[in-house]
Amino acid sequence: MAGLVVVDTDLVIDFLRGTGPGTTLVRELVAHHRLRFTAITAFELRVGGDFLRRRDDVLRLLRSRTFPLDPSSALRAGEVAAELRAAGLGIGFADSLQAGTCLRHDLPFATRNRKHFDRVDGLRLVDVDQG
Numbered sequence: 001m002a003g004l005v006v007v008d009t010d011l012v013i014d015f016l017r018g019t020g021p022g023t024t025l026v027r028e029l030v031a032h033h034r035l036r037f038t039a040i041t042a043f044e045l046r047v048g049g050d051f052l053r054r055r056d057d058v059l060r061l062l063r064s065r066t067f068p069l070d071p072s073s074a075l076r077a078g079e080v081a082a083e084l085r086a087a088g089l090g091i092g093f094a095d096s097l098q099a100g101t102c103l104r105h106d107l108p109f110a111t112r113n114r115k116h117f118d119r120v121d122g123l124r125l126v127d128v129d130q131g
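Under my numbering, the first residue of the sequence shown is numbered 1, with each subsequent residue one higher.
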């Protein structure tokens, strides 16, 4: 896959800690200028307990790689949330916002949380082990 890839918070945390399945994938995406995040990941990283200790690393990663939560992404996320909730398969607002942003920009999403994101019609998921 030669294009941009949006990466979920769990994989960013792996990378920052230097352990876990996200480490290699994120490193590869950074090296090839393909790494992207959503504003939701920025929020989740800031809330996390490691933020203050890793502040500079987090900010360096997020700089110029983060999609904002714009109205089109938010509306697409609302559509995702409403459809899944109606089917009894809700994934929560943060995950809906991640998916909506990826769908709005037509980009694949890398996450270990396939259980939630497999439910989203049209969302392309990246195999974390394959990159």
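Idealized CB from N, CA, C, for every residue including glycine.
Residue span of the alpha helix (DSSP H) that contains residue i, given as start and end
{"i": "Arg114", "result": "114 to 117"}
{"i": "His105", "result": "93 to 105"}
{"i": "Ala31", "result": "22 to 31"}
{"i": "Leu89", "result": "No alpha helix (DSSP H) contains Leu89, which DSSP labels as neither H nor E."}
Outcome for residue i when other beta-carbon atoms lying within 10 angstroms are tallied against a minimum of 16
{"i": "Gly22", "result": "buried"}
{"i": "His32", "result": "exposed"}
Beta carbon of residue i nearer than 9 angstroms to that of residue j
{"i": "Leu45", "j": "Ala110", "result": "no"}
{"i": "Arg36", "j": "Leu103", "result": "no"}
{"i": "Thr4", "j": "Val58", "result": "Residue identity differs from the one stated: residue 4 is Leu in this sequence, not Thr. It is not a contact, given that the beta carbons lie outside the stated cut-off."}
{"i": "Ala94", "j": "Ile13", "result": "no"}
Residues bridged to residue i [DSSP beta-bridge criterion]
{"i": "Phe67", "result": "Thr38"}
{"i": "Ala110", "result": "Val7, Val126"}
Run of the beta strand (DSSP E) containing residue i, from where it starts to where it stops
{"i": "Val5", "result": "5 to 7"}
7 angstroms Cβ shell around residue i - same chain, five flanking residues per side excluded
{"i": "Gly20", "result": "Asp14"}
{"i": "Phe51", "result": "Leu45, Val58"}
Same chain only: Cβ atoms within 8 angstroms of residue i, ignoring 5 sequence neighbours per side
{"i": "Arg65", "result": "Leu35, Arg36, Phe37"}
{"i": "Asp121", "result": "Glu83"}
{"i": "His116", "result": "Ile91, Gly92, Asp95"}
Beta-carbon contacts of residue i that lie in its chain and below 6 angstroms, excluding the five residues immediately before and after
{"i": "Arg124", "result": "Pro108"}
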